[in-house]
Structures are given as C-alpha cells and as structure tokens.
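Novice: The structure under discussion is supplied below as structure tokens; questions concerning it will follow.
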Amino acid sequence: MNTSSFSYEKFFHGHSVMFIVPHEDDEINMAGATIYGAIQEGLEVYVVFLTNGDYEYTFDVRCNETYQMAKEIGLPQENIIFLGFGDFIGHEIIYNKSAIITSHANHNQTYGADFASLVMSKPKPYSWNGIVESVIDAILHFKPDTIIATDYDTHVDHRLCTFTVESAMEWIIKYTEFRPQLLKGFAYATGYETIDDYYNNHLLSTVINKKALPTDEFSTGNPTLSWIHRLRISVPQACREKKLIQNPIFKAMASHVSQQGYKRGSRLINGDQVFWKRRTDNIALHADITVSSGNANYLNDFLRFNTVDVKSNVYDANNYMWMPSVDDTERKVHISFTKITQIQVIQLFGSVHKSHELCSIRIETSAGKHVQLDEIIHIGQGISYIFDKPLFLEWIDIYIDKQCLGLSEIELYSAINDKYDYCHILADNHFMYNWVVYPGEKIPMITSYIEGIRKDMLTYRESEQKNTYRWLINDKYIDESVLQILIERELTTKPLQLRLESIDGSVFCEGTIRKGTFKDWFALKCNQLQDKLDYLQVKSKYKKGYKAEKAYK
64 MNTSSFSYEK
74 FFHGHSVMFI
84 VPHEDDEINM
94 AGATIYGAIQ
104 EGLEVYVVFL
114 TNGDYEYTFD
124 VRCNETYQMA
134 KEIGLPQENI
144 IFLGFGDFIG
154 HEIIYNKSAI
164 ITSHANHNQT
174 YGADFASLVM
184 SKPKPYSWNG
194 IVESVIDAIL
204 HFKPDTIIAT
214 DYDTHVDHRL
224 CTFTVESAME
234 WIIKYTEFRP
244 QLLKGFAYAT
254 GYETIDDYYN
264 NHLLSTVINK
274 KALPTDEFST
284 GNPTLSWIHR
294 LRISVPQACR
304 EKKLIQNPIF
314 KAMASHVSQQ
324 GYKRGSRLIN
334 GDQVFWKRRT
344 DNIALHADIT
354 VSSGNANYLN
364 DFLRFNTVDV
374 KSNVYDANNY
384 MWMPSVDDTE
394 RKVHISFTKI
404 TQIQVIQLFG
414 SVHKSHELCS
424 IRIETSAGKH
434 VQLDEIIHIG
444 QGISYIFDKP
454 LFLEWIDIYI
464 DKQCLGLSEI
474 ELYSAINDKY
484 DYCHILADNH
494 FMYNWVVYPG
504 EKIPMITSYI
514 EGIRKDMLTY
524 RESEQKNTYR
534 WLINDKYIDE
544 SVLQILIERE
554 LTTKPLQLRL
564 ESIDGSVFCE
574 GTIRKGTFKD
584 WFALKCNQLQ
594 DKLDYLQVKS
604 KYKKGYKAEK
614 AYK
C-alpha cells in the first residue's frame with residue numbers, strides 16, 4: 064500500500080485552485096488527475112475555458128460535454144467558467160492586437176454563458192485587450208491560491224493561452240497586491256498527443272512525445288522550459304485504476320465525445336503529473352531598470368520570450384529581448400530600488416537559441432558583493448544565482464559580454480522559493496507505488512524525487528544544498544549508498560516496504576517492491592486482455608455518440 068505525506072492543499076498553498084485552459088477537453092489533457100485529486104481532498108476547484116471550442120461544433124455541444132466531464136470527477140457545475148472567445152482565433156488576436164476578430168463561428172464578442180456577460184454585465188470583444196481583461200477579471204473575481212494554465216503547445220489557441228495568462232499576471236502583479244502561485248503545463252505533448260503506454264507491465268510516469276514537439280531544438284513546447292527541470296506530483300489511487308473504463312480520467316476524457324476522447328483516455332493515465340512553476344513575487348517588476356543602450360522594457364514584462372506569429376516556430380530576439388547596440392562597449396543593465404530591498408535570488412533569461420560561443424555575465428551590487436558567471440552555454444531556459452544569505456540593496460548592475468546577445472527577463476526574489484516540500488520514490492525514474500518485478504525484468508534502480516532540492520533551472524549557489532533525506536527498508540534505516548545492493552539481495556516474492564523520509568519524518572513516501580511469479584505475469588496479461596474487451600464494448604457506445612454529434616454539427 065502506497066502512502067505519502069503529499070497534500071494538495073499544502074501544494075497549492077491554500078484551499079482553492081484555478082485551471083485555465085484553451086478548449087473543452089484540455090483540462091483533462093493537462094491536469095486531469097490533479098483536478099480529480101484536489102476535488103477529492105475537498106479543495107475549491109475552478110476550471111476556466113478561454114474559448115467556446117466552436118470551430119467544428121457548436122458551443123452547446125462542447126458545453127454539455129463539459130458538464131458531463133464535471134459529473135464524472137465531481138466538479139461542481141457552478142465552478143466551470145466559460146470566457147466565451149472563439150475557437151482558433153489565437154493567431155489573429157496576437158498578430159493584430161489592436162483589431163477585433165470575427166471567429167469561424169461568426170462571432171466578434173464573447174457569448175454562450177460567458178463570464179463577462181454573466182458577472183461583469185457586458186461581453187468582451189474578440190481582441191487582445193478583451194481576452195487579457197477577461198482573464199484578469201476571472202482571476203481577481205475568484206482569487207485562487209494557485210493557478211495552473213496551459214503552456215505553449217503547437218495549437219495556436221494554446222499559445223494564445225500562454226501569452227494571455229502571462230500578460231494578465233504581469234498586470235495583476237504590477238497593479239494589485241494579489242500573488243497567487245502560478246504553474247504551467249502542457250495539454251498536447253504530455254497529454255492529447257503523448258505516448259500511449261497504458262498496457263505496459265507497470266504504471267509509467269508522464270513522458271513527452273518528442274514527435275509532438277514543433278522542433279527538436281527544445282525539450283518541451285516552450286523554448287524557455289526544460290524537461291529535466293519539471294515539477295512532478297503523484298496521482299490519486301483512483302486515477303491509477305488499471306481497469307480502464309472505471310478510471311475517472313478515462314471517463315472524464317471520454318465525456319468529450321466530439322473530440323473522440325474515448326480514444327485518448329488511456330494515454331493520460333500515468334504515475335505522475337508534470338508542471339513548471341512561475342514565481343509571482345518578482346521584485347524586478349516594481350524596480351526602475353535602465354540600460355546603456357537598447358530597449359529596457361523587455362526586461363521586466365513577465366514574458367521570458369514572445370512572438371508575433373504563433374503559427375510559426377521562429378523566435379525573433381527583436382520581439383522579446385533587450386539587446387545592446389553593436390557599438391555599446393558597456394553592455395550594462397542598472398536596476399535601482401525606491402528603498403533598500405532584500406534580494407537573495409537573481410534569475411536571468413536570454414535568447415532561446417543555443418549559442419555556439421560561451422558567454423560571461425558579471426553582477427555587481429550596492430552591498431559590495433560581486434558575482435562572475437563564466438562559460439555560460441545557454442540562458443534561454445534561465446540561470447539562477449542564489450546567495451547564502453539575503454543582501455540588502457539599493458541597486459544591482461548586470462554586465463554581459465559580446466558573446467551574450469542580450470537578456471529577455473530579469474527576475475529578483477527576496478528569498479529562496481518557498482517550496483512545499485514533498486518526496487516520492489522512483490523506480491527507473493518512474494513514480495513508484497507498488498512495483499512488481501516480473502520474470503525476465505531487471506530490478507529497477509531505486510532513487511528519490513525530492514521537491515525541496517529540485518531546481519527550476521541551471522542554478523549557481525555560494526554553497527551547495529545538502530540532501531537531508533534518509534531511507535528505510537522494512538522499518539530499518541539503511542545507508543543510501545547500499546540501498547540498491549540491499550534491495551537486489553533481499554528481493555523476494557514477499558514485498559519489501561520502502562520508505563523515504565525527511566530527517567524529522569514529517570515528509571515521507573512509502574511503497575513496496577517484490578518479485579513477481581509467472582502466475583503474476585499471466586494474471587496481469589489476462590486482466591489486460593479483459594480490460595481491452597471491456598473497452599471495446601464501451602467504445603461502440605461512445606462511437607455512436609460521436610457519429611451523432613458529427614451529424615448534428
């Protein structure tokens with residue numbers, strides 16, 4: 064039996080969480096198990112849809128499917144928010160931000176039980192300002208403790224979601240006191256278009272389908288996010304159910320009949336869910352920034368990259384980066400504060416494309432503490448420098464050499480990220496719950512995932528952070544250096560109870576591992592065969608529903 068100290072309420076820093084997604088089905092693609100788990104724990108969960116999904120089907124169809132999805136996972140219907148924008152308008156809105164767009168469904172303002180009409184008493188135009196204002200209004204109306212939003216997938220509306228949410232957050236941070244936690248996730252490469260490994264011998268963790276990425280230059284759809292720096296959380300027991308048609312994730316996804324969700328539900332069932340964190344306490348957003356030459360406005364706009372053409376995968380540095388002029392020999396950014404300000408973390412972002420030359424960055428502070436960062440290969444996915452103790456500063460100067468094209472964003476924080484610490488046991492890097500080593504399989508490598516020491520990006524520190532976790536096998540403490548040796552030596556058909564815990568025992572994860580027999584393997588394959596037969600029976604029902612809706616459109 065797997066148990067852990069993980070809590071959604073602590074993870075979300077409060078009792079409410081809002082999911083912002085482009086289309087009706089992306090909520091399950093991006094975060095189905097997380098939505099389900101938060102609801103089961105009693106949290107207030109809101110799901111916000113940017114568009115009405117009305118390109119191929121009417122809003123009524125997409126709306127009714129969403130309400131059915133909500134029934135399957137226990138989401139209150141009143142917690143579903145439709146912003147009412149047109150499907151597939153992402154490119155036009157971003158390409159021409161001053162225009163009002165007419166959608167494929169022949170609308171130019173929000174409609175269909177849309178939030179603006181119902182709550183703000185007036186629909187919003189299909190424009191850049193209209194959609195950003197709608198997101199701001201929804202966030203400030205509900206004030207969730209955490210927001211999870213769809214990031215930069217290949218679909219133009221997903222890309223619109225990325226820039227809309229980040230622009231909304233820039234405004235909220237600059238002009239209000241509200242500071243929700245912000246997480247980003249993908250709905251395509253890790254969901255809708257991910258690899259279907261449901262019938263593997265083991266419950267595997269989420270993987271990214273590289274074939275679903277727009278280019279092989281980056282490890283995720285967002286050029287500023289690295290796969291190795293992903294944040295991972297466990298999934299509830301019910302979402303690990305190996306009878307497919309009884310799994311709430313399958314049932315929720317299958318509710319989106321017009322999208323043939325019943326064909327894709329199985330690929331969403333994994334041992335973890337993955338996100339990336341964006342801190343919302345960036346002091347640089349309130350600082351005065353001047354530069355020796357070039358446009359300083361890019362350095363504190365909450366956008367780590369930008370583009371005017373979301374149909375392409377071209378990222379022109381002129382659209383998102385401060386770049387000093389070619390004759391600028393100083394190449395300097397000066398950051399000043401209106402009062403002495405505590406700073407412990409400096410994060411810098413630059414060109415998303417890797418340079419063939421190593422670059423250097425020098426940081427000087429009013430406290431006399433200077434930092435030299437040399438041989439930097441790539442800063443598009445961020446570099447972070449952490450001081451052992453906070454500095455109290457009037458100003459910071461940043462100098463870049465000629466090999467560094469420029470900077471896209473500067474983020475300054477008063478303290479190390481206030482992470483909720485949790486852990487999980489890994490088997491060959493998959494989140495482990497109860498692992499059976501079937502005949503012919505190798506014993507997996509057992510390691511740990513510890514959120515407290517996970518890095519969001521390439522990180523430099525004055526001194527290294529130490530791992531303060533320990534291991535137990537069958538309630539006996541063992542040295543981590545001999546963990547794998549002992550597991551391989553003691554593994555039998557009787558489960559070994561593994562426990563990973565913090566020194567004080569307050570943070571922990573438990574799981575079991577055992578050898579399986581040929582009988583176990585045969586039973587697994589028989590159950591999988593029965594599962595496939597059961598699926599074929601329900602598939603025919605969903606297929607009839609799909610054909611009926613297709614005829615209706």
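First residue of the sequence shown: 64, per my numbering; consecutive thereafter. Yeah, the Cβ is synthetic: ideal placement off N, Cα and C, and Gly gets one too.
1) With a cut-off of 8 Å, do at least 3 Cβ pairs link the stretch 119-128 to the stretch 274-288?
2) Could you give the residue range of the beta strand (DSSP E) that holds residue 107?
3) Residue 160 to residue 388, Cα distance in whole Å?
4) Report the residue from 165, 87 and 384 whose alpha carbon sits nearest the alpha carbon of residue 111.
5) Where residue 335 and residue 254 are concerned, what is the direct C-alpha to C-alpha distance, given to the nearest angstrom?
6) Measure the alpha-carbon distance for residue 420 versus residue 384 and round it to whole angstroms.
7) Tell me, please, which residues DSSP counts as bridged to residue 497.
8) Based on the DSSP output, what are the partners of residue 308 in its beta bridges?
9) Between 167, 164, 193 and 165, which lies nearest to residue 177 when the distance is taken from Cα to Cα?
10) Contact check, residue 175 vs residue 153 under 8 Å by CB: the rounded distance?
11) Would you identify the three-state DSSP class for residue 395, choosing helix, strand or coil?
12) Looking only at C-alpha atoms, which of 272, 333, 204 and 610 sits nearest to residue 264?
13) So, is residue 95 buried or exposed, given that buried needs 16 or more other C-beta atoms within 10 angstroms?
14) In the stretch 121-150, which residue ranges form an unbroken alpha helix (DSSP H) of at least 4 residues, counting only runs that do not cross its ends?
15) If you follow the beta strand (DSSP E) that residue 451 is in, where does it begin and where does it stop?
16) Could you round the C-beta distance between residue 221 and residue 213 to whole angstroms and report it? I think they count as a contact, below 8 Å.
17) Please tell me whether residue 547 and residue 509 are closer than 8 Å, where the distance is taken between their beta carbons.
18) What is the rounded straight-line gap between the Cα of residue 98 and the Cα of residue 371?
19) Residue range of the alpha helix (DSSP H) that residue 191 falls in?
20) To the nearest angstrom, how far is it from the Cα of residue 277 to the Cα of residue 379?
21) List the DSSP bridge partners of residue 247.
22) Touching or not, the stretch 393-409 and the stretch 338-352, by the rule of three or more beta carbon pairs under 8 Å?
23) Can you tell me the Cα-Cα spacing of residue 308 and residue 268, whole angstroms?
24) In terms of DSSP beta bridges, what is residue 320 paired with?
25) Mind the definition here: the stretch 592-601 touches the stretch 513-530 only if three or more C-beta pairs lie below 8 Å; say whether that holds.
26) Answer with buried or exposed for residue 297, where buried requires no fewer than 16 other C-beta atoms within 10 angstroms of its C-beta.
27) Which whole-angstrom value is the C-beta distance of residue 197 and residue 164, which I expect to be below 8 Å?
28) Can you tell me the Cα-Cα spacing of residue 288 and residue 142, whole angstroms?
29) When you compare the stretch 468-484 with the stretch 408-416, are there three or more beta-carbon pairs, one atom per stretch, that lie closer than 8 Å?
30) Can you name the start and end residues of the alpha helix (DSSP H) that residue 70 belongs to?
31) By a C-beta neighbour count over all protein chains shown, 10 Å radius and 16 as the cutoff for buried, is residue 403 buried or exposed?
32) Return the bridge partner residues of residue 327 from the DSSP annotation.
Specialist: Checking against the coordinates, here is how it stands:
1) no
2) Reading the sequence shown from its first residue, position 44 is the one you call residue 107. Segment 107-114, the beta strand (DSSP E) holding residue 107.
3) Your numbering for residue 160 matches position 97 in the sequence shown. Your numbering for residue 388 matches position 325 in the sequence shown. For residue 160 and residue 388, the distance between alpha carbons rounds to 28 Å.
4) As a working note, residue 111 is residue 48 in the sequence shown. That would be 87, whose Cα lies nearest to the Cα of residue 111.
5) Within the sequence shown, numbered from 1, the residue matching residue 335 stands at position 272. Within the sequence shown, numbered from 1, the residue matching residue 254 stands at position 191. So the two alpha carbons sit approximately 12 Å from each other.
6) Taking the sequence shown and counting its residues from 1, one reaches residue 420 at position 357. Taking the sequence shown and counting its residues from 1, one reaches residue 384 at position 321. Just so you know, the alpha carbons of residue 420 and residue 384 end up roughly 18 Å apart.
7) Walking along the sequence shown from the start, residue 497 turns up at place 434. DSSP lists 575 as partners of residue 497.
8) Along the sequence shown, read from residue 1 onward, the residue named residue 308 stands at position 245. DSSP output for residue 308 lists no bridge partner at all.
9) The residue given as residue 177 occupies position 114 in the sequence shown. Ranking 167, 164, 193 and 165 by Cα distance to residue 177 puts 193 first.
10) By 1-based counting over the sequence shown, the position of residue 175 is 112. By 1-based counting over the sequence shown, the position of residue 153 is 90. Between residue 153 and residue 175 the Cβ distance is about 18 Å, and since that is not below 8 Å, they are no contact.
11) Here residue 395 is taken as the residue at index 332 of the sequence shown, counted from 1. In this structure, residue 395 counts as strand in the three-state DSSP scheme.
12) Sequence index remark: in the sequence shown, residue 264 carries index 201 (1-based). That would be 333, whose Cα lies nearest to the Cα of residue 264.
13) Taking the sequence shown and counting its residues from 1, one reaches residue 95 at position 32. Around the C-beta of residue 95, 16 or more other C-beta atoms lie within 10 Å, and the residue is accordingly described as buried.
14) 122-136
15) On the sequence shown, residue 451 is found 388 positions in, with the first residue counted as 1. Here the beta strand (DSSP E) through residue 451 covers 446-463.
16) As a first step, residue 221 must be located in the sequence shown, where it is residue number 158. As a first step, residue 213 must be located in the sequence shown, where it is residue number 150. Contact flag correct, Cβ pair sits at about 5 Å.
17) Position 484 of the sequence shown, counted from the start, is the residue given in the question as residue 547. Position 446 of the sequence shown, counted from the start, is the residue given in the question as residue 509. Closer than 8 Å, so yes.
18) The residue labelled residue 98 in the question sits at position 35 within the sequence shown. The residue labelled residue 371 in the question sits at position 308 within the sequence shown. Distance between the alpha carbons of residue 98 and residue 371 is about 32 Å.
19) Your numbering for residue 191 matches position 128 in the sequence shown. Residue 191 -> alpha helix (DSSP H) spans 191-205.
20) One-based indexing of the sequence shown puts residue 277 at position 214. One-based indexing of the sequence shown puts residue 379 at position 316. Straight through space, the alpha carbons of residue 379 and residue 277 are spaced by roughly 16 Å.
21) Taking the first residue of the sequence shown as position 1, residue 247 is located at position 184. The partner list for residue 247 (beta bridge, DSSP) reads 212 and 339.
22) yes
23) Along the sequence shown, one-based indexing puts residue 308 at 245. Along the sequence shown, one-based indexing puts residue 268 at 205. Roughly 20 Å separates the two Cα atoms.
24) Within the sequence shown, residue 320 is the residue found at index 257, counting from 1. Bridge partners of residue 320: none, in fact.
25) no
26) As a first step, residue 297 must be located in the sequence shown, where it is residue number 234. By the 10 Å Cβ count, residue 297 comes out buried.
27) Locating residue 197 in the sequence shown gives position 134, counting from the first residue. Locating residue 164 in the sequence shown gives position 101, counting from the first residue. Rounded, the Cβ-Cβ distance is 14 Å, inconsistent with contact.
28) In the sequence shown, residue 288 corresponds to position 225, counting from 1. In the sequence shown, residue 142 corresponds to position 79, counting from 1. Answer to the nearest angstrom: the Cα atoms are 30 Å apart.
29) yes
30) Along the sequence shown, one-based indexing puts residue 70 at 7. Neither: residue 70 is in no alpha helix (DSSP H) and is coded neither H nor E.
31) Locating residue 403 in the sequence shown gives position 340, counting from the first residue. Exposed is the call here.
32) If you number the sequence shown from 1, residue 327 lands on position 264. In the DSSP output, where bridge partners are listed per residue, residue 327 has none listed.
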